[in-house]
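**Student:** Taken in order, the sequence shown gives residues 64 to 321; the numbers are from the working numbering.
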Amino acid sequence: MTDPPHHPRARCAGTTALVTGASAGIGAAIARLLHAEGALVALGDVDRQRGEALAAELGDRATYVALDVTDESSWLAAVDGLAVSPHPLTTLVNCAGAALRRPLLETSAAEFRRIVELNLVGTFLGMRVAGPHLAEGASIVNISSLNGVLPTAGLGAYVASKAGVSALTRVAALELAERGIRVNAVCPGSIETAITDGADFADVDWDAYLRSIPLHRRGTADEVARAVVYLASSDSSYVTGTNLVVDGGIAAGRLSPG
Ligand SMILES: NC(=O)c1ccc[n+]([C@@H]2O[C@H](COP(=O)([O-])OP(=O)(O)OC[C@H]3O[C@@H](n4cnc5c(N)ncnc54)[C@H](O)[C@@H]3O)[C@@H](O)[C@H]2O)c1
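This is the structure in structure tokens:
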């Protein structure tokens, strides 16, 4: 069975969401679904062209915000802009990220730092800068990865960055609970997006990989977005500090011995 249709229920009506990495892939799917569920959505990304095009396509209640998540001043400008709006921020989705497939002993310090800066420091800055503006009842959803909880060989920098995101999510949940702010992470397995299109992943045997996934397929960006809407909405009002795995069953264990 593939991805069944989703019927929006206005679960995010009255909320204002900032989604990073919203110009493409999983972030774009999250922005679309939050919007379909009634949210006002700010699409934060470095890719202005695609971000503005998606905001225009969504129309009312969607706007593009120039944002480089690795740059604190860029975060301050983006969040200040939203803070003066009549609709204060209630949902922050930290999704911007990139992967690097490189054996640890062949990874340069600059490559390692680039991935950690984008995936981990970018997520930290988002919570650090937007956190003080979030009201009681707000929700932060960080996009970690299955690799944040179950490492893959050859993805050392990525694994370290996402393990950091998963751990930091728990700390933020503990610290922000007193203010009534929930913080959770979604840990996607292999999802059909451009993140694995580059030369790094050219020699992956995808057929063999799919056979190893219990559901025998990669997930869709929309399937991740549904988990995010659950965590962003009051459907998950008693859920905080969790790392929700959306992986077709990989983390459940091995399909067969050996
Ligand atoms: N696709 C997968 O299989 C998969 C699996 C697990 C986790 N994830 C995570 O999901 C997130 C999104 O991945 P994707 O597959 O949609 O990737 P993608 O490459 O399709 O999209 C990434 C988006 O992030 C934006 N971006 C890059 N650098 C940025 C920066 N400095 N500031 C703001 N925006 C920036 C890009 O412009 C792009 O729009 C990432 O954090 C990734 O690690 C993806």
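Beta carbons are placed, not taken as given, at the ideal position from N, Cα and C, and that holds for glycine. Every value quoted in this text rests on a predicted model; they were computed, and no experiment measured them.
#1: Taking the alpha-carbon positions, what's the R177 to G185 distance?
#2: Tell me the rounded alpha-carbon separation between A216 and A265.
#3: When you compare only the Cα positions, how much space is there between G252 and L103?
#4: Excluding the five sequence neighbours on either side, which residues of its own chain have a C-beta within less than 7 angstroms of the C-beta of S86, listed in chain order?
#5: Looking at the strands, I want to know which residues DSSP matches up with S202.
#6: Where does L139 land, buried or exposed, given buried means 16+ other C-beta within 10 angstroms?
#7: Taking the beta carbon of A201 as the centre, do at least 16 other beta carbons fall within 10 Å, making it buried, or is it exposed?
#8: Does the region 188-201 come close enough to the region 212-226 that 3 or more CB-CB pairs lie under 8 angstroms?
#9: Report the rounded CA-to-CA distance for D268 versus N205, giving the unit in angstroms.
#10: Using the Cβ count rule (16 or more neighbours within 10 Å means buried), how would you classify G211?
#11: Among the residues of its own chain, which have a CB less than 8 angstroms from the CB of S137, if the five just before and after it don't count?
#12: Where A262 and P149 are concerned, what is the direct C-alpha to C-alpha distance, given to the nearest angstrom?
#13: Compute the minimum distance between the beta carbon of D143 and the heavy atoms of ligand 1, and state whether it is under 7 angstroms.
#14: Determine the direct distance from the alpha carbon of R245 to that of V228, and round the result to whole angstroms.
#15: What's the gap between the Cα of M306 and the Cα of R274?
#16: Cβ atoms of I89 and L209: under 8 angstroms apart, would you say?
#17: Consider the C-beta atom of D131 and the heavy atoms of ligand 1; say whether any pair is separated by less than 7 angstroms.
#18: In terms of residue numbering, what span does the beta strand (DSSP E) encompassing A125 cover?
#19: Tell me which same chain residues have a C-beta within less than 6 angstroms of the C-beta of A236, skipping the five on either side of it?
#20: Tell me the residue span of the alpha helix (DSSP H) that contains D143.
**Tutor:** Working from what's here:
#1: 11 angstroms
#2: 16 angstroms
#3: Rounded to the nearest angstrom, the two C-alpha atoms are 28 angstroms apart.
#4: L106, D108, D110, R113, G114, L117
#5: T154, R245
#6: That one is exposed.
#7: That one is buried.
#8: no
#9: 29 angstroms
#10: By the beta-carbon neighbour count (other beta carbons within 10 angstroms, threshold 16), G211 is buried.
#11: A129, L130, D131
#12: A262 and P149 have their alpha carbons spaced roughly 45 angstroms apart.
#13: no
#14: 15 angstroms
#15: The sequence shown places Asn at residue 306, not Met. Spanning the two alpha carbons is a distance of roughly 25 angstroms.
#16: no
#17: yes
#18: Run containing A125: 125-129, per the beta strand (DSSP E) assignment.
#19: V246, T303, G304
#20: Element bounds for D143: 135-146.
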